[in-house]
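What follows is one structure encoded as structure tokens, with my remarks underneath.
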Ligand SMILES: NC(=O)c1ccc[n+]([C@@H]2O[C@H](COP(=O)([O-])OP(=O)(O)OC[C@H]3O[C@@H](n4cnc5c(N)ncnc54)[C@H](OP(=O)(O)O)[C@@H]3O)[C@@H](O)[C@H]2O)c1
């Protein structure tokens, strides 16, 4: 029995996933070439600025194959504009493939639908919207980058069983107070490695002195972003070590390397996030503290919230934020509880 379009689209998604952590802020894209119900070529977008999935799929063909009875499957609409590489729609037309199956259209309103139009005008039969939801979930970071002009934002915090993110401290009491166990640390370090950057507020750096790196698992350190409006933090703090680049978002003070200064305004955070995306940072995990998290929540600048709840109580301290979203995941890790919400 012939395999379904969903079968081949799932193969595209599996291939596309191999680009995770390497292509951002470009999309994750996989492509397969099918003839007589058999995959004859496949490829994915492997590295930012590198060849697109369609190009790699054509390149994977061992010999000059005849494609006049083949079908191309791809999880994202082929591009029709000249970017870092020539338009994939043109490459497909040149190959004489008669049929193309697409998972989702390009979310960028400026190009959406143009690739499909170009293919149809060349006489190619285009089938759209196969496994669309799965395609959108895989490329949710890219969709937010394109439609909201900011990085995809994941809020993350750990709270005590009675709802505090930090206990009452004396003015001189510094250092991280652990709320959750080593299993949760492994999980959250994996989350850090998955995203382009990690962000915290000035007071978290001052009080906890975290390094914001990935230590409990293998993986790349995200770029560190600190909101330090008046540039008061000492460069001796661990976030300024050389384990990863660190960017400071400020409202005043000198323009220096890796410091983005924008005068305070109502749209300051949105404007800074546009700057962050322009640096090629497509996703951001915001790890606190409370003030910083509240600002992102107040302005609706979030896509996911990941909340870890430990077993101990503090009896007082800094109150954890509250958030309204759709509960997507609810599980335990070691003794701790994890809840994942999405805004939509
Ligand atoms: N349990 C957890 O998951 C977790 C995680 C991180 C931190 N914490 C705890 O949280 C505490 C720190 O939290 P916090 O709420 O006091 O401080 P914070 O959020 O770490 O830092 C707040 C400061 O950051 C700057 N800032 C943040 N967002 C801004 C914005 N949108 N616009 C302008 N400035 C902004 C301001 O600096 P200026 O005052 O200089 O203007 C603000 O006072 C620490 O005790 C730490 O232990 C807990």
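Numbering (this note's numbering), first residue to last: 76 to 419.
We treat Cβ as the ideally placed atom computed from N, Cα and C, and that holds for glycine.
Would you say the region 368 to 377 touches the region 349 to 358, given that touching needs at least three Cβ pairs under 8 Å?
no
Quick one: residues in its chain with C-beta nearer than 7 Å to the C-beta of residue 296, no 5 flanking neighbours on either side, listed in chain order?
Translated into the one-based positions of the chain shown, residue 296 becomes position 221. These residues qualify, in order along the chain: 288, 289, 318 and 319.
Report whether the distance from the Cβ of residue 411 to the nearest heavy atom of ligand 1 is below 6 Å.
As a position in the chain shown, residue 411 is number 336, starting the count at 1. No, the Cβ of residue 411 stays beyond 6 Å of every heavy atom of ligand 1.
Could you confirm whether any beta carbon from chain D is found closer than 7 Å to the beta carbon of residue 349?
No chain D appears in the structure shown, which is made up of a single protein chain.
Can you tell me where the beta strand (DSSP E) holding residue 118 begins and where it ends?
As a working note, residue 118 is residue 43 in the chain shown. First-last of the beta strand (DSSP E) with residue 118: 113 to 119.
Can you tell me the Cα-Cα spacing of residue 176 and residue 213, whole angstroms?
Here residue 176 refers to the residue found at position 101 when the chain shown is read from its first residue. Here residue 213 refers to the residue found at position 138 when the chain shown is read from its first residue. Going from the Cα of residue 176 to the Cα of residue 213 covers about 17 Å.
Rounded to a whole number of angstroms, what is the C-alpha to C-alpha distance between residue 172 and residue 143?
By 1-based counting over the chain shown, the position of residue 172 is 97. By 1-based counting over the chain shown, the position of residue 143 is 68. When rounded, the separation of the alpha-carbon atoms in residue 172 and residue 143 is 5 Å.
Is there at least one non-hydrogen atom of ligand 1 closer than 6 Å to the beta-carbon of residue 78?
Locating residue 78 in the chain shown gives position 3, where the first residue counts as 1. No, Cβ of residue 78 sits at least 6 Å from all heavy atoms of ligand 1.
Three-state secondary structure (DSSP) at residue 179?
Residue numbering aside, residue 179 sits at position 104 when the chain shown is read from its first letter. In the structure shown, residue 179 sits in a strand (DSSP, three-state: E or B).
Per the DSSP calculation, residue 404 is bridged to which residue(s)?
Within the chain shown, residue 404 is the residue found at index 329, counting from 1. Its beta-bridge partners are 415.
Curious, which full-length beta strand (DSSP E) runs of at least 3 residues does the region 275 to 332 contain?
298 to 302 and 321 to 325
Considering only the alpha carbon of each residue, which of 384, 408, 104 and 136 lies closest to residue 231?
Taking the first residue of the chain shown as 1, we reach residue 231 at position 156. Taking only the C-alpha atoms, the option nearest residue 231 is 384.
Could you spell out the range, first to last residue, of the beta strand (DSSP E) harbouring residue 231?
Translated into the one-based positions of the chain shown, residue 231 becomes position 156. From DSSP, the beta strand (DSSP E) with residue 231 extends over 227 to 234.
Considering only residues of the same chain and omitting the five flanking positions on each side of residue 413, which have a CB-CB separation below 6 Å?
Locating residue 413 in the chain shown gives position 338, counting from the first residue. Result list for residue 413: 383 and 406, in chain order.
In whole angstroms, give me the CA-to-CA distance for residue 180 and residue 102.
Residue mapping note: residue 180 aligns to position 105 of the chain shown, counting from 1. Residue mapping note: residue 102 aligns to position 27 of the chain shown, counting from 1. Taking the straight line from one Cα to the other gives about 12 Å.
Under the assumption that residue 314 contacts residue 325 (Cβ atoms under 8 Å), give the Cβ distance between them as a whole number of angstroms.
Here residue 314 refers to the residue found at position 239 when the chain shown is read from its first residue. Here residue 325 refers to the residue found at position 250 when the chain shown is read from its first residue. Contact flag wrong, Cβ pair sits at about 14 Å.
Can you give me the Cβ contacts of residue 357 inside the same chain, cut-off strictly under 6 Å, excluding the 5 residues immediately before and after it?
Along the chain shown, read from residue 1 onward, the residue named residue 357 stands at position 282. Around residue 357: 99, 100, 216, 220, 226 and 271.
Residue 116 to residue 333, Cα distance in whole Å?
As a position in the chain shown, residue 116 is number 41, starting the count at 1. As a position in the chain shown, residue 333 is number 258, starting the count at 1. Distance between the alpha carbons of residue 116 and residue 333: 43 Å.
Which value, in whole angstroms, describes the spacing of the CA atoms of residue 161 and residue 373?
Taking the first residue of the chain shown as 1, we reach residue 161 at position 86. Taking the first residue of the chain shown as 1, we reach residue 373 at position 298. Rounded to the nearest angstrom, the two C-alpha atoms are 42 Å apart.
Which whole runs of the beta strand (DSSP E) in the region 330 to 391 are 3 residues long or more, in chain order?
Within the region 330 to 391, the complete beta strand (DSSP E) runs of at least 3 residues are 334 to 336, 358 to 361 and 379 to 384.
If I measure Cβ to Cβ from residue 280 and keep anything under 7 Å in the same chain, skipping five residues before and after, which residues do I get?
Your numbering for residue 280 matches position 205 in the chain shown. These residues qualify, in order along the chain: 301, 308, 312 and 314.
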